[in-house]
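Quick mapping for you: the protein sequence lines, in order, are chains A and B.
Residue numbering for the first sequence follows this note's numbering, starting at 919 and increasing by one per position.
Residue numbering for the second sequence follows this note's numbering, starting at 9 and increasing by one per position.
Cβ atoms here follow ideal geometry from the backbone N, Cα and C, with glycine treated the same way.
Please read the structure below before turning to the comments.
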Amino acid sequence: MVTREDIINIARLSKLYIAEEELDDMTKAMDDIVKFADTINSAAEKGVEEFDNINNLRNAFREDTVVPSYDRDEILKNANDTGEGHFLVRKRV
Amino acid sequence: MAEGIIKRLGKMLDEKEISCTELTEKYLSAIESSNGDLNAYVKVTSDEALTAAKAVDEKIASGESRGALAGIPMTLKDNISTKGIETTCCSKILEGYKPIYNATVWNKLSGEGAVLLGKTNMDEFAMGSSCETSYFGGAANPHDITCVAGGSSGGVASAVGGNIAPYGLGSDTGGSIRQPASFCGIVGLKPTYGAVSRYGLIAYASSFDQIGPLTTTVEDAAIVYDAISDYDPMDSTSRGNCGKNVLSSLKNDIKGMKIGVADEYFDGVPDDICQSVENAVKVYESLGAEIVRFKLPALKSALPVYYILACAEASSNLGRYDGIRYGYRTANYNDINEMVCKTRSEGFGAEVKRRILLGTYVLSAGYYDAYYKKAQNLRGSIVNAFADAFKDCDVILAPTVPNTAFKKGSAISDPIQTYLTDICTVPVNIAGLPGISIPCGFDGSGMPIGMQLIGDKFCEDKILNAAWVYENTMCGEVFKPSSYGVSL
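Here is the structure:
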């Protein structure tokens, strides 16, 4: 059973605010979804313990070669606030 | 034989019946008159398209030979990065974001002279099955604009089905190419995981996402797949296409091909859809294929496995939207934590928030083993069940969706009901397999029904050939052009 407190806690971890008036609806929706997710625990299949990834990929190491990267000014163009080549978050009081 | 639009347009360009600029203008003008109804495009890139078209015209004039996709207009889903062109995932949080690099698929296609008409509508961050979670409102179905186009690649499907793009690229995490293709009566190919580079595809669930084509014919899907599938060192999960050219594998012969039909795919599917797929089974039998009926009990847990794992990956992937480096930032805040929380709360829509919360829940201490780990283990069972199935058959035939396109606004309020409609598409993504949806009939209201052919890993050639043979036999009966857009 998902409670309002669970939602408040998960929202905090997710860096989301859930407005007081949305809290009951979100709790109900999440409770339904978690009950639906819970059906895996009644599955007859035990599953594959060692399952890792679908194409059996393993780390492939390579030489650490320097290649051209992106231009700093180009990257900063997408930011809301920048200064002297940095992303800025200004202190507001 | 179903003649593909890419070859047909290419022939018109080669025989100088039309210039690439004229062709592009024709599509841009069709977009202008039809997009008000369809809402397929969220951004039309007229200037870029005409510049690219002019370059192709100049090459043709100078006698240079033209590649298959050169000069052919097309569209990209709005989660595929295009340098300098706004790419928003149809989310407020990416409003104004202009990538500084191209996705590998767009580098490949633009390198071949493809002409980008614009970016198309989608469910916000590809989370949805109706395109209605889009910040820009949903795309309409060209066969009945009171119905949804499907999702999440609803805009591409609406544009291609509505003849305002000859083809487009979408992405498929749990059915987002195949389901809207089915709803709009077109072809949608979800390639094997790793066959097409994900570099520059804005991530939803990285171990499920794949880019693929939406087209009006199987031949077109093969041409586009050949152009975009390749190994890419920029994508650490890239495998390439095993050196296969799938266009050359389209042969009008499926004698002896073993087509598997699993009971579980038909559970709860309405009679008219089951009947259309069973009719296709008969067509294949009459063409000399062998039908293998079998059971896939592992599929029973596919939906919860998919939603647990995809949301877990999404909650991690979407952690990057903090208002600092790109996109939307809230106007008023006191400290950095408040800025990040308000930015995310104002920037994400309700469905995205639900999936982030579910993902965070299943990854949090105390729940990780019961949900995430268990789902990951069951993913292994589903992978193995398909591997066993492909020992006895070449392809699996199934419905694409257990319903046809529904009325706008009728599903969005109940998330679980919406999730349940993904039952036939998610197993392919869980197992990393290729799947193609092609039209196979109409429901009582005349809306398209799609069927799905699923192959073993990197066996796109087999599913495309099986789809092509069916299309050649049945195209007059199962394909109906919509009344919108460019008629050729």
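Please classify residue i: is it buried, with 16 or more other beta-carbons within 10 angstroms of its beta-carbon, or exposed?
i	result
A/Y988	exposed
B/S491	exposed
B/E23	exposed
B/T517	Lying outside 9 to 496, the shown extent of chain B, residue 517 of chain B is not represented and no answer is given.
B/D45	exposed
B/E227	buried
A/F979	exposed
B/S323	buried
B/D400	exposed
B/L77	buried
A/V985	exposed
A/L975	exposed
A/D956	exposed
B/M135	buried
A/R1023	Here chain A comprises residues numbered 919 to 1011, so residue 1023 of chain A is not present and cannot be evaluated.
B/G454	exposed
A/K1009	exposed
B/M265	buried
What in chain A is Cβ-close to residue i, meaning under 7 Å?
i	result
B/Q135	According to the sequence displayed, residue 135 of chain B carries Met and not Gln. Simply none; closest approach about 13 Å.
B/R387	F969
B/I364	S932 and L934
B/K350	Y935
B/R337	N998
B/S323	S932
B/P312	F954, A955, T957 and I958
B/M347	V1007
B/K361	L934
B/G536	Because chain B here runs from 9 to 496, residue 536 of chain B falls outside it and cannot be looked at.
I want to verify the contact list: residues of chain C whose CB lies under 8 Å from the CB of residue i, in sequence order.
i	result
B/G331	Annotation note: the requested chain C is absent from the structure, which comprises protein chains A and B.
For residue i versus residue j, is the C-beta spacing smaller than 8 Å?
i	j	result
B/V370	B/A306	no
B/I194	B/L222	yes
B/S205	B/D238	yes
B/I93	B/T53	yes
B/T96	B/P107	no
B/L461	B/V403	yes
B/M459	B/S294	no
B/L258	B/S309	no
B/S184	B/S160	yes
B/P150	B/I281	no
B/P174	B/P81	yes
B/K85	B/T128	yes
B/T90	B/D65	no
B/V164	B/E140	no
B/C432	B/P447	no
A/I936	A/M948	no
B/E120	B/G75	yes
B/Y314	B/V434	yes
Enumerate in chain order the residues of its own chain whose CB-to-CB distance from residue i is below 7 Å, with the five nearest sequence positions on each side excluded.
i	result
B/L304	A270, E272, A393 and A397
B/S42	G170, I172, Y492 and G493
B/F216	T181, G182, A318 and N437
B/V477	N260, I262 and L295
Using the beta-carbon of each residue, which ones in chain A are nearer than 9 Å to residue i?
i	result
B/I68	Chain A residues near B/I68: none, gap ~33 Å exceeds 9 Å.
B/K308	T957, A961, A962 and E963
B/Y292	What B/Y292 touches in chain A: nothing, since even the nearest Cβ is about 28 Å away.
B/G355	Under the 9 Å cutoff, chain A gives no residues; its nearest Cβ is about 10 Å from B/G355.
For residue i, go through chain B and note every residue whose CB falls closer than 7 Å to its CB, in chain order.
i	result
A/I993	I108
Which chain A residues sit within Cβ distance under 8 Å of residue i?
i	result
B/A439	I972
B/T112	Residues of chain A passing the Cβ test: none, with the nearest at roughly 15 Å.
B/T368	I928, L931 and S932
What does residue i reach in chain B if we use C-beta pairs closer than 9 Å?
i	result
A/F1005	I332 and R333
A/I926	Those within 9 Å of A/I926 in chain B number zero; the least Cβ separation is about 11 Å.
To which residues of the same chain is residue i closer than 6 Å at the C-beta, ignoring the five residues directly before and after it?
i	result
B/M20	I26
B/V360	E132, F133 and M135
For residue i, which residues of its own chain have a beta-carbon under 8 Å away from its beta-carbon, when the five flanking residues on both sides are left out?
i	result
B/S495	N171 and P489
A/T1000	L994 and L1006
B/L472	L197, V226, A229, A230, Y233, V254, S257, L258 and I444
B/A38	N171, I172, Y492, G493 and V494
Quick check: does the Cβ of residue i come within less than 7 Å of any heavy atom belonging to the ligand ATP?
i	result
B/T200	Ligands are entirely absent from the displayed structure, and the ligand ATP is therefore not among its contents.
Problem set entry | Contact residues within the segment 949-962 of chain A, judged by C-beta distance below 8 Å to chain B | D950, I951, V952, F954, A955, D956, T957, I958, N959, A961 and A962
Exercise. For the segment 962-975 of chain A, which residues have a CB atom closer than 8 Å to at least one CB atom of chain B, in sequence order?
Worked result: A962, E963, K964, G965, V966, E967, E968, F969, N971, I972, N973 and L975
Exercise. Closer than 8 Å, Cβ to any Cβ of chain A: which residues of the segment 371-405 of chain B, in chain order?
Worked result: S372, A378, Y379, K382, A383, Q384, N385, L386, R387, G388, S389, V391 and N392
Problem set entry | the segment 238-253 of chain B: positions lying closer than 9 Å to chain A by Cβ | P241, S244, T245 and R247
Exercise. Relative to chain A, which residues along the segment 215-240 of chain B have a C-beta separation below 7 Å, given in chain order?
Worked result: S215
For this session: Return the residues of the segment 255-289 of chain B that lie within a Cβ-Cβ distance of less than 8 Å from chain A, sorted by chain order.
Result: none
Problem set entry | Cβ-based contacts, 8 Å cut-off: residues of the segment 441-472 of chain B near chain A | K465
Problem set entry | Near-chain A residues of the segment 415-434 of chain B (beta-carbon distance less than 8 Å), N- to C-terminal order | P423, I424 and Y427
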